[in-house]
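First residue of the sequence shown: 7, per our numbering; consecutive thereafter. Beta carbons: idealized from backbone N, C-alpha and C, even for Gly. Here's the structure we're looking at; comments come further down.
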Amino acid sequence: MQQFDYIIVGGGSAGSALANRLSARSANQVLVCEAGEDPPPGQVPSEILDSYPGTAYLNPRFHWTELKVTTEVTSHNQDPSAPEPKLRKYEQARVLGGGSSINGQMANRGAPTDYDEWQDRGATGWNWENVLPYFKKVESDLDIDDEWHGQEGPIPVRRVPESQWSGHAKALAQAFERGGYKYLPDQNGFFEDGYFPVTISNAEEQRVSAAIGYLNEKVRKRPNLTISTNTQVTELLFEGLQCVGVKALVDGKETEFRGGEVILSSGAIHSPAHLMRAGIGPAGHLRDLDIPVRHALFGVGQRLMDHPSIALASFLKPHARVTNRETRRHLFVAMRYSSAIGDAPPGDMFVVGASKTSWHAVGEQIASFILFVNKTFSESGQVQLRSRDWREEPEVDFNLLSDRRDLDRIADGIRRLSPLYEDPAMQGVMSDPFPASYSDKVRQVGEINTKNRILTGIMAKLLDGPGLLRRYLIEKLIMEGFTLEGVCNDEEEAEAFIRRAAVGVWHASCTCRMGASNDPMSVTDSAGRVHGVGGLRVVDASIFPVVPCANTNFPTLMTAEKIADMILAGA
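Structure, rendered in structure tokens:
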């Protein structure tokens with residue numbers, strides 16, 4: 007049995023950052039337990055390094071392959087005879103670096119109002135003024151040096167220069183400009199509405215994950231840092247209400263580690279599952295599974311959040327497609343705007359233009375607007391255990407669009423975006439716009455294999471053929487029965503499309519929320535310590551009081567940086 011000061015369960019974005027910062031103090035013995043593989047310096051798989059993220063996030067080698075979720079709204083008084091909500095695969099990373107090793111590399115912070123709301127919800131010390139220094143600590147901005155940005159962090163950020171944009175991205179910027187949206191050179195500067203070049207965690211045309219940035223060769227040589235990959239934590243160990251270690255399978259061998267403190271950094275789905283299997287969570291649910299209640303915390307696994315999203319797609323003319331020469335990127339331009347619906351704060355909606363939709367030949371012919379609700383109001387999702395067995399994935403219900411305002415804002419967004427297709431610049435690069443769905447059919451074709459490479463190659467040649475044939479193929483093989491005109495002009499058709507097509511964007515959050523100890527939905531205090539339990543913290547996106555207006559990777563890194571400082575200061 008080995009003894010450590012800190013045992014970090016999960017080597018994702020938060021775990022990688024914590025490992026770096028806690029082991030920087032040589033007296034600390036730090037262990038990282040990561041269930042997935044290690045992409046070590048000099049041997050990082052090409053799929054992870056790729057500037058185009060689709061080769062990593064669609065690769066089951068890097069996933070929890072058995073994890074499936076529901077996204078549809080489910081009513082508490084639903085007819086028991088009604089069909090069960092459809093299960094969808096939800097790609098959660100199982101590799102050192104976590105989501106940062108497979109995600110879209112979007113270095114987005116969110117709105118100042120997000121973090122002011124965190125403090126208002128009970129996360130003392132987490133307002134915008136308090137978190138901005140830690141966002142700066144994460145990054146080294148390669149383009150901008152001002153009061154908003156850091157220059158010494160482990161994660162480089164940059165923006166792809168316009169000279170390398172696809173023809174589609176250049177046309178999109180012109181359409182946004184003529185549509186009355188303000189150009190912002192920096193999406194992470196002063197927060198206001200407008201369009202901007204996307205900021206990415208990428209340098210020299212390669213992804214820089216949290217594992218690459220925080221666990222570099224120099225850091226790995228620290229004698230007080232142990233990185234144990236292919237290590238599945240199966241149980242948290244306790245003496246009374248004090249967490250004292252973990253049991254794990256290391257390369258299939260049962261092992262026990264003891265620690266002064268255990269830090270769960272397994273993400274908003276698996277961190278609450280660890281807690282509940284240890285008897286920490288909603289008492290009724292635990293008793294239903296014959297799990298002895300160690301400490302009742304109703305908020306564990308509750309109020310799961312993500313950003314509901316839909317897509318509007320179109321066929322790209324050959325000259326407007328990505329070239330894969332100067333850059334492999336496919337996301338160049340994004341935009342945020344204020345819907346003014348339902349008391350939403352400014353900048354509550356986000357749109358990114360994708361200049362291709364998948365790795366294959368057809369994907370390079372289809373561009374899309376990805377529209378998501380940045381300031382989500384729906385927060386009635388939940389994570390529950392299916393059984394006591396650690397091998398069984400939890401039951402995950404996102405319950406997207408449970409707040410009507412989220413659906414209404416997506417419908418409004420479709421109506422705002424649709425006229426952009428009529429812009430002369432857009433007309434010059436695309437045709438045949440249609441509402442798109444990330445359906446099971448699209449997922450199947452997106453799997454990286456020889457069969458799909460051949461089939462999409464044939465389909466691509468047909469799509470580049472006569473316009474009538476292309477429209478027929480798009481309607482019969484790609485569309486899901488909805489038209490752009492219909493979803494713009496018919497409220498019932500719009501709602502039917504949104505309810506069927508809306509998915510999350512891999513921003514699972516909020517299932518172990520920070521807050522005051524007298525808040526029944528709060529799980530941790532403002533330093534990530536689990537209420538009522540000793541020796542145990544949670545540090546990842548699950549402790550967000552509410553999901554911010556951002557892709558969640560940089561807020562997660564910021565959170566780990568801030569709590570690492572608290573731990574080192576004795577909090």
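Note that the C-beta distance between residue 421 and residue 380 is not below 9 angstroms. Assignment of residue 77 by DSSP, reduced to helix, strand and coil, places it in the coil class. Within the model, the alpha-carbon separation for residue 561 versus residue 264 is close to 30 angstroms. Counting only runs that start and end inside the region 79-159, the beta strand (DSSP E) elements of at least 3 residues fall at 145-147. Within the same chain, 325, 326, 435 come within 6 angstroms of residue 173 by CB-CB distance, once the 5 residues on both sides are set aside.
If one requires a minimum length of 3 residues, the beta strand (DSSP E) runs lying completely within the region 487-556 are 542-544, in chain order. Contact between residue 517 and residue 278 holds, with the beta-carbon distance rounding to 4 angstroms and staying under 8 angstroms. Taking the Cβ atoms as the reference, residue 273 lies roughly 7 angstroms from residue 16, within the contact range of under 8 angstroms.
Straight across, the Cα-Cα distance linking residue 213 with residue 187 is about 30 angstroms. When the beta-carbon positions are compared, residue 140 and residue 564 come within less than 9 angstroms of each other. Pairing residue 572 with residue 533 gives a Cβ-Cβ distance under 9 angstroms. Taking 8 angstroms as the upper bound for CB-CB distance, residue 408 and residue 386 are in contact here, some 4 angstroms apart.
Counting C-beta atoms within 10 angstroms of its own C-beta, residue 345 has 16 or more neighbours from the protein chains shown and is therefore classed as buried.
With fewer than three CB-CB distances shorter than 8 angstroms, the region 499-507 does not count as touching the region 456-476. Per the coordinates, the alpha-carbon of residue 426 lies some 29 angstroms from the alpha-carbon of residue 63. Counting along the chain, the unbroken alpha helix (DSSP H) around residue 430 starts and ends at 430-433. Fully enclosed beta strand (DSSP E) runs of no fewer than 3 residues are not present anywhere in the region 437-480.
Residue 414 sits in a helix when the DSSP states are folded into three classes.
Your pair residue 318 and residue 423 checks out as a contact, with CB atoms roughly 6 angstroms apart and the cut at 8 angstroms. Taken through DSSP and simplified to helix, strand or coil, residue 170 comes out as helix. Under the 10 Å beta carbon count, residue 157 is surrounded by fewer than 16 other beta carbons and is classified as exposed. If you look at residue 318, you'll find it in the beta strand (DSSP E) that goes 315-322. Sorting 24, 52, 8 by C-alpha distance to the C-alpha of residue 574 places 24 at the top.
Secondary structure note for residue 566: its alpha helix (DSSP H) is the uninterrupted segment 559-574. The continuous beta strand (DSSP E) containing residue 403 extends over residues 401-403.
Beta-bridge partners assigned by DSSP to residue 253: 241, 262.
In the three-state DSSP reduction, residue 61 falls in the helix class (H, G or I).
The bridge partners DSSP lists for residue 197 come to none. Residue burial annotation: residue 227 is exposed, with fewer than 16 other C-beta atoms found within 10 angstroms of its C-beta. Contact annotation: residue 112 and residue 50 have beta-carbon atoms that are not nearer than 9 angstroms. Here residue 369 is near residue 60, since their CB atoms are less than 9 angstroms apart.
Residue environment: residue 523 is assigned as exposed (fewer than 16 neighbouring CB atoms within 10 Å of its CB, all protein chains considered). Per DSSP, the beta bridge partners of residue 359 are 339, 375. Within the same chain, 339, 359 come within 6 angstroms of residue 178 by CB-CB distance, once the 5 residues on both sides are set aside. Taking a cut-off of 8 angstroms on C-beta distances, the region 291-298 does not touch the region 488-504, as fewer than three cross pairs fall below it. Secondary structure note for residue 275: it is in no beta strand (DSSP E), and the uninterrupted alpha helix (DSSP H) holding it is 273-283.
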